[in-house]
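If you count the sequence shown from 1, position 108 lands on 118 in my numbering, and the numbers rise without skipping. Read through the structure below, which is laid out as structure tokens, and then see the notes.
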Amino acid sequence: MNLLGISCYFHDSAAALVCDGLLTAAAEEERFSRIKHDFGFPDRAIRFCLDHRGLSGRDLDYVVFFEKPFVKFERILSTVVAAVPWSSGVFSQAMTAWLLDKLWIKNRIRERIGIPADRILFIPHHLSHAASAFFCSPFQRAAILTVDGVGEWTTTALGLGEGNSCRLTDELRFPHSLGLLYSAFTAFLGFEVNEGEYKVMGMAPYGTPCYVDKIWQVVHQASDGSFELDLDYFSFHYSTRHTYSQRFLSLFGAPRTPVTPFDNQYYADIAASIQRVTEELVLGLVNAVHAKTGSTALCMAGGVALNSVANGRILRETPIRQLYIQPSAGDGGAAAGAALYAARVLFDEPGRFTMDHAFWGEAHDGAAAVAAAASAGLPFVTYSDEESLVARAVELLVTGRVLGWSQGRFEWGPRALGNRSILADPRRADMKDIVNSKIKFREPYRPFAPSVPIGSIERYVDLPNAAEHLPARFMLLVAPVREDAQDVIPATTHVDGSARVQVVAPDTSPRYHRLITVFGEATGVPVLLNTSFNLRGEPIVNTPAEAVSTFQRCGMDALVLGETIVFKEGSHT
Ligand SMILES: [Fe+2]
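Spelled out as structure tokens, the structure:
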């Protein structure tokens with residue numbers, strides 16, 4: 011059975027193809043449209059998924075949408091009506107948008123994909139999240155926790171996965187939302203909502219959580235893990251322009267403007283405080299779902315599951331021993347969840363698999379790499395054997411060069427994991443500033459991740475049984491860097507001595523694993539600084555042409571595209 015999952019119309023549209031119960035292809039639309047967080051109908055991602063398997067729309071058994079648009083519309087309508095007259099502007103905006111576009115999703119899918127209306131299914135938003143985690147996990151039985159901004163009504167859900175069953179048993183509803191609480195502080199700290207949440211997490215270690223008591227005035231958690239926002243402090247439930255109210259400003263003062271220095275102590279302390287409260291709320295929910303299910307295995311999904319600092323604490327501080335989060339844990343990933351839910355729960359298809367890598371996107375052949383370098387008029391060398399290619403790349407890294415590294419299928423989810431990455435030597439303390447200012451053009455407080463082969467993790471990071479923790483392969487766990495290693499890899503050790511480590515396995519990333527291993531043989535340190543292959547504000551590159559264009563617009567020194575190394579004009583080849 012061929013099932014196509016779709017997620018769109020909020021942020022990070024995506025498509026995913028599941029054939030006979032197995033995920034085959036999955037990609038976010040932004041990688042093709044080149045619009046960051048593209049939320050439009052994912053025409054190009056759908057085309058890629060179908061082409062990958064040589065299918066047309068007529069070959070699909072069902073198209074599965076990741077939420078129920080009418081229920082979501084009901085929520086928007088009722089919250090807006092409840093807030094009248096303050097929200098009359100919102101009311102007409104929401105009505106117009108939904109009636110013109112979102113509500114007619116079934117017609118849109120029918121027209122664009124060429125599938126009859128009775129072959130289109132709608133799965134509740136949080137069930138799509140839950141299925142995206144459980145049906146990709148290695149577990150036969152596991153507790154499930156989904157936490158995001160909001161789906162239709164649900165913002166947080168607890169449940170249990172077992173075999174082909176995936177059920178949610180408890181939920182919290184809008185407007186009581188951990189995702190929206192974090193977003194309110196993201197906006198207060200001068201960052202863009204749905205984009206700047208990582209920046210808050212990166213800024214937090216520069217502050218101390220001395221305002222947690224103030225934050226506990228706007229959110230309350232009960233002993234069963236459930237929580238409530240004090241709505242007097244917020245406005246997202248009746249305004250599309252503001253997330254917090256005047257009362258919030260009376261409590262926390264003036265918001266940070268984008269030009270306020272990042273090391274302003276007050277705002278760093280606020281970032282540390284909201285991060286700490288978020289972690290406490292997540293830990294409370296995790297303990298609650300453990301108590302309900304008795305399971306020490308946990309699957310998590312929803313945007314809040316991308317909070318890698320909170321995830322690290324789950325393994326260190328709760329009874330959970332095994333944690334699974336797939337790399338696209340936000341709404342994009344729900345496209346895969348919707349299709350997998352239909353496959354396993356509705357159609358009882360077999361085919362359990364474990365998503366132990368993120369490489370579900372588009373690949374490009376060697377000819378495309380050569381064509382991209384040649385048409386840009388740049389010098390390049392193509393290597394016929396991998397050892398020579400890797401040896402040359404390591405020579406460049408050891409001498410302080412910053413490399414673009416593009417191999418195979420691009421990653422599913424927001425992180426680059428060695429197939430569309432920018433790489434550098436983590437031993438040099440100045441490399442963090444070089445990559446931030448000359449290559450990424452981004453804020454100086456955002457940390458870089460170390461990529462470390464499975465066998466070497468324990469030398470650098472305090473993450474017991476690292477090989478077992480699949481989220482660490484997706485940079486979804488922050489762990490303490492060993493004290494004696496902090497000065498060894500300063501460029502990838504955050505200011506608080508932690509790292510968002512990526513564990514690299516030889517079976518799923520053979521060439522990348524080889525590169526880091528040979529770098530280790532040359533330097534004694536088998537670790538590389540890994541950051542996503544994009545410039546500030548742009549989506550991660552997909553094609554060789556996009557990689558070359560990005561390479562030309564920044565201070566990167568060389569670019570490895572498959573077996574071809576591209577250099578800057580006039581530099582050594
Ligand atoms: Fe969501």
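A virtual CB, placed ideally from N, CA and C, is assigned to each residue, including glycine.
Is any non-hydrogen atom of ligand 1 found closer than 6 Å to the C-beta of Gly-15, if you look at the structure I gave you?
On the sequence shown, position 5 is the one that residue 15 refers to. Not under cutoff, so the answer is no.
Report all residues from its chain with a CB closer than 7 Å to the CB of Pro-457; omit the five preceding and five following residues, and keep chain order.
Stepping through the sequence shown from its first residue, residue 457 is reached at position 447. Around Pro-457: Gly-212, His-504 and Arg-510.
Express the C-alpha separation of Pro-424 and Phe-390 in angstroms, rounding to a whole number.
On the sequence shown, residue 390 is found 380 positions in, with the first residue counted as 1. On the sequence shown, residue 424 is found 414 positions in, with the first residue counted as 1. C-alpha separation (whole angstroms): 29 Å.
DSSP state of Asn-117, grouped into three classes?
Residue numbering aside, residue 117 sits at position 107 when the sequence shown is read from its first letter. Three-state result, Asn-117: helix.
Between the alpha carbons of Asp-517 and Pro-148, how many angstroms are there, rounded?
As a first step, residue 517 is located in the sequence shown; it is residue number 507 there, counting from the start. As a first step, residue 148 is located in the sequence shown; it is residue number 138 there, counting from the start. The straight-line gap from Cα to Cα measures roughly 16 Å.
Give me, in chain order, the residues of the same chain whose beta-carbon lies closer than 6 Å to that of Gly-322; leave out the 5 immediate sequence neighbours on both sides.
Translated into positions along the sequence shown, residue 322 becomes position 312. Cβ within range, chain order: Leu-487, Val-488 and Ala-489.
What first and last residue would you give for the beta strand (DSSP E) that runs through Tyr-72?
In the sequence shown, the residue the question calls residue 72 occupies position 62. 72-75 is the extent of the beta strand (DSSP E) around Tyr-72.
Enumerate in chain order the residues of its own chain whose CB-to-CB distance from Tyr-221 is below 7 Å, with the five nearest sequence positions on each side excluded.
Along the sequence shown, one-based indexing puts residue 221 at 211. Contacts found: Asp-279, Ile-280 and Ser-283.
For the beta strand (DSSP E) containing His-230, name the first residue and the last one.
To locate residue 230, count along the sequence shown from 1; it is residue 220. First-last of the beta strand (DSSP E) with His-230: 229-231.
Exposed or buried, what is Gly-580 when buried is set at 16 or more other beta-carbons lying within 10 Å of its beta-carbon?
Start at 1 with the first residue of the sequence shown, and residue 580 comes out as number 570. Exposed, by the Cβ-count rule.
Which residues mark the beginning and the end of the beta strand (DSSP E) in which Val-514 is found?
Walking along the sequence shown from the start, residue 514 turns up at place 504. Its beta strand (DSSP E) spans residues 512-514.
With DSSP run on the structure shown, which of helix, strand or coil describes Val-498?
Counting from one through the sequence shown, the residue named residue 498 turns up at place 488. Of the three classes helix, strand and coil, the one that applies to Val-498 here is coil, per DSSP.
Residues near Thr-392 in its chain [Cβ-Cβ closer than 6 Å; skip 5 each side]
One-based indexing of the sequence shown puts residue 392 at position 382. Excluding residues within five positions, the ones whose Cβ falls inside 6 Å are Glu-573 and Thr-574.
For Arg-354, tell me which candidate among Ile-133, Leu-293 and Ala-568 has the shortest Cα-Cα distance.
Here residue 354 refers to the residue found at position 344 when the sequence shown is read from its first residue. Out of Ile-133, Leu-293 and Ala-568, Ile-133 has the C-alpha closest to the C-alpha of Arg-354.
Looking at Gly-565 and ligand 1, is the gap between the Cβ and the nearest heavy atom below 6 Å?
Residue mapping note: residue 565 aligns to position 555 of the sequence shown, counting from 1. False, no ligand heavy atom lies under 6 Å from that Cβ.
For a quick check, are the C-beta atoms of Glu-77 and Ala-55 less than 7 Å apart?
By one-based count along the sequence shown, residue 77 stands at place 67. By one-based count along the sequence shown, residue 55 stands at place 45. In this structure, Ala-55 does not lie closer than 7 Å to Glu-77 by Cβ.
Whole-angstrom C-beta distance between Ser-142 and Ala-346, which should lie under 8 Å:
In the sequence shown, the residue the question calls residue 346 occupies position 336. In the sequence shown, the residue the question calls residue 142 occupies position 132. That pair is a contact at about 5 Å.
Does the distance between the C-beta of Gly-169 and the nearest non-hydrogen atom of ligand 3 fall short of 6 Å?
This structure lacks ligand 3; its bound ligands are ligand 1.
Enclosing beta strand (DSSP E) for Thr-306 [first to last residue]:
Translated into positions along the sequence shown, residue 306 becomes position 296. Where Thr-306 is concerned, there is no enclosing beta strand (DSSP E), given that its DSSP letter is neither H nor E.
What first and last residue would you give for the beta strand (DSSP E) that runs through Tyr-192?
Taking the sequence shown and counting its residues from 1, one reaches residue 192 at position 182. Premise fails: Tyr-192 lies in the alpha helix (DSSP H), 188-198, not in any beta strand (DSSP E).
Going by the C-beta, is Asp-22 closer than 6 Å to any heavy atom of ligand 1?
Taking the first residue of the sequence shown as 1, we reach residue 22 at position 12. Outside the cutoff, so no.
Contact set, ligand 1 heavy atom to C-beta under 7 Å:
His-135, His-139, Asp-158, Gly-159, Gly-161, Gly-312, Gly-313, Gly-340, Asp-341 and Ala-344
In angstroms, rounded to a whole number, what distance separates the CA positions of Trp-114 and Ile-125?
To locate residue 114, count along the sequence shown from 1; it is residue 104. To locate residue 125, count along the sequence shown from 1; it is residue 115. C-alpha separation (whole angstroms): 15 Å.
Whole runs of the beta strand (DSSP E) within the region 134-218, excluding any shorter than 3 residues:
151-157, 164-172 and 175-183
The region 330-348 / the region 301-317 touching (three or more Cβ pairs under 8 Å):
yes
Mapping DSSP to helix, strand and coil, what is Leu-60?
For the purposes of this step, residue 60 is taken as residue 50 along the sequence shown, with counting starting at 1. Three-state DSSP puts Leu-60 in a helix.
What are the boundary residues of the beta strand (DSSP E) that Glu-238 is part of?
Counting from 1 along the sequence shown, the entry for residue 238 is found at position 228. Run containing Glu-238: 237-239, per the beta strand (DSSP E) assignment.
Here's the rule: buried if 16 or more other CB atoms are within 10 angstroms of the residue's CB, otherwise exposed. What is Asn-552?
As a first step, residue 552 is located in the sequence shown; it is residue number 542 there, counting from the start. When all chains shown are included, Asn-552 counts as buried.
By Cβ distance below 6 Å, which residues in the same chain neighbour Ile-130 in space, the five residues on each side in sequence not counted?
The count along the sequence shown starts at 1 and reaches residue 130 at position 120. Correct list, in chain order: Val-73, Lys-116 and Ile-119.
Pull the bridge partners of Ser-508 from the DSSP assignment, please.
Translated into positions along the sequence shown, residue 508 becomes position 498. In DSSP, Ser-508 forms a bridge with Pro-490.
Arg-251 (DSSP reduced to helix, strand or coil):
Position 241 of the sequence shown, counting from 1, holds the residue named residue 251. DSSP places Arg-251 in coil when its eight states are reduced to three.
Pop quiz: Pro-554 and His-374 are said to be a contact at Cβ under 8 Å. What is the actual Cβ separation, rounded to whole angstroms?
For the purposes of this step, residue 554 is taken as residue 544 along the sequence shown, with counting starting at 1. For the purposes of this step, residue 374 is taken as residue 364 along the sequence shown, with counting starting at 1. That pair is a contact at about 5 Å.
Can Phe-258 and Tyr-243 be called in contact, C-beta distance under 7 Å?
If you number the sequence shown from 1, residue 258 lands on position 248. If you number the sequence shown from 1, residue 243 lands on position 233. A contact, by the Cβ cut-off of 7 Å.
Between the region 165-179 and the region 415-432, can you find at least three pairs of beta-carbon atoms closer than 8 Å?
Segments in contact, no.
Quick one: residues in its chain with C-beta nearer than 7 Å to the C-beta of Pro-436, no 5 flanking neighbours on either side, listed in chain order?
Stepping through the sequence shown from its first residue, residue 436 is reached at position 426. Excluding positions up to five away in sequence, the list reads Pro-460, Ile-499, Ala-501, Thr-502, Val-537, Leu-538 and Leu-539.
Taking only three categories from DSSP, how would you classify Phe-258?
Taking the sequence shown and counting its residues from 1, the one referred to as residue 258 is at position 248. If DSSP states are grouped into helix, strand and coil, Phe-258 belongs with the helices.
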